DNA sequence: TTGGCGACGTTATAACGTAACATTATTGGA
DNA sequence: TCCAATAATGTTACGTTATAACGTCGCCAA
Ligand SMILES: [Zn+2]
Ligand SMILES: [Zn+2]
Ligand SMILES: [Zn+2]
Ligand SMILES: [Zn+2]
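Residue numbers (our numbering), protein chains in the order written: chain A, 27 to 189; chain B, 27 to 189.
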């Protein structure tokens, strides 16, 4: 059994290298078990997405890759993003034309994204009550996909450092 | 007292000219009472958005305007859209880079958009339970804006005409 | 009547995303 | 092993969505 985190928001001063490294390690494992090819560019794009807990744009990723000496075209990045999206390793944030790493790609799940407008941090939650309420609010409508992106101010930004 | 509609989805064969005309008339009235300038291009863009209950893209609007002899640049359309968004006459559908008319701009409200992938019709609902569930699911997070876009198949497309 | 301001025009460009086709890599079977 | 099928990537070109910057026009109020 895993402990439930007090908040879905990572602390601003947590050691993020762990997040990134573990996300990539898990993707590696998952791809192996699912017979998916976790190629170099897919790994590099996933790593770029996980550079922080903030949304990252496709061209930011492209710039990051090419800054390291590569010379990729946008297509290469978009293809890798498509792979990562289809297999649940990342989520798209439509309201920002950007992408964020999924913290638990092992299982299919709904997600509601909480986006802090101050620090940019995104927290992913999966609230069954929200899903139920939506279903109840749309009688007769066969729900297939949900885009739920909530902007506001995260607990860390509310309590501390209101510079 | 107004009757509660059985469904938020307009019937496929309703008389839509009424929707469009009444939306524009209400915008006119509201702008007057709020001392907002409902200029010709703003009216034309609102009318283009209300051409149907499906999302309309900015460049579709531009094309529609220019097809009638005008010669507007994209900026003109985006500025009108900004005005209409800020004043609640339309909503943005982020997941489709498009816009939809708001059926009740008189009052501020939350909205959850139900989008039929078959016929393209969008229904706007405002479910208090959904809003409450979201708030409860994000303790400590100060919600400011919600982007809730649900795709699926609407009641009309489910029941009839599965050609 | 004129100054301030909001709206609009105009030009250019940034930012985001995809089509189409060639080439290379991987894999599994003959 | 070698081949054929398939998956992934490279490459070029283009389509779509959105904004920056600055000039002009017109309204209204001091
Ligand atoms: Zn982290
Ligand atoms: Zn924050
Ligand atoms: Zn209608
Ligand atoms: Zn429908």
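Every residue gets a Cβ at the ideal spot worked out from N, C-alpha and C, and that includes glycine. No experiment lies behind these values; they were computed from the predicted model shown.
- For the C-beta of residue 62 of chain A, not a single chain B residue is nearer than 8 Å; the gap to the nearest is close to 25 Å.
- Distances between the C-beta of residue 148 of chain A and the heavy atoms of ligand 2 are all 7 Å or more.
- For the 8 Å CB-CB criterion, residue 178 of chain A and residue 168 of chain B form a contact.
- At least one CB of chain B lies nearer than 8 Å to the CB of residue 155 of chain A.
- By the 16-neighbour rule on beta-carbons within 10 angstroms, residue 185 of chain A is exposed.
- In the assembly as shown, residue 63 of chain A is an exposed residue. Its beta-carbon has fewer than 16 other beta-carbons within 10 Å.
- Relative to ligand 3, even the nearest heavy atom lies 7 Å or more away from the CB of residue 128 of chain A.
- Relative to ligand 3, the beta carbon of residue 117 of chain B is positioned no closer than 7 Å to any heavy atom.
- Not one heavy atom of ligand 1 lies closer than 7 Å to the C-beta of residue 182 of chain B.
- Scanning its chain for C-beta atoms nearer than 7 Å, with the 5 sequence neighbours on each side dropped, one finds around residue 79 of chain B the residues 36, 147 and 148, in chain order.
- The region 65-84 of chain A makes contact with the region 107-117 of chain A; the number of CB pairs closer than 8 Å reaches 3 or more.
- Look at the region 158-182 of chain B: the residues with a C-beta under 8 Å from a C-beta of chain A are 158, 159, 160, 162, 163, 164, 165, 166, 167, 168, 169, 170, 171, 172, 173, 174, 175, 176, 177, 178, 179, 180 and 181.
- Taking CB atoms only, residue 43 of chain A has no neighbour in chain B less than 8 Å away.
- The closest heavy atom of ligand 3 lies less than 7 Å from the beta carbon of residue 45 of chain B.
- At a Cβ-Cβ threshold of 8 Å, residue 156 of chain A and residue 160 of chain B count as neighbours.
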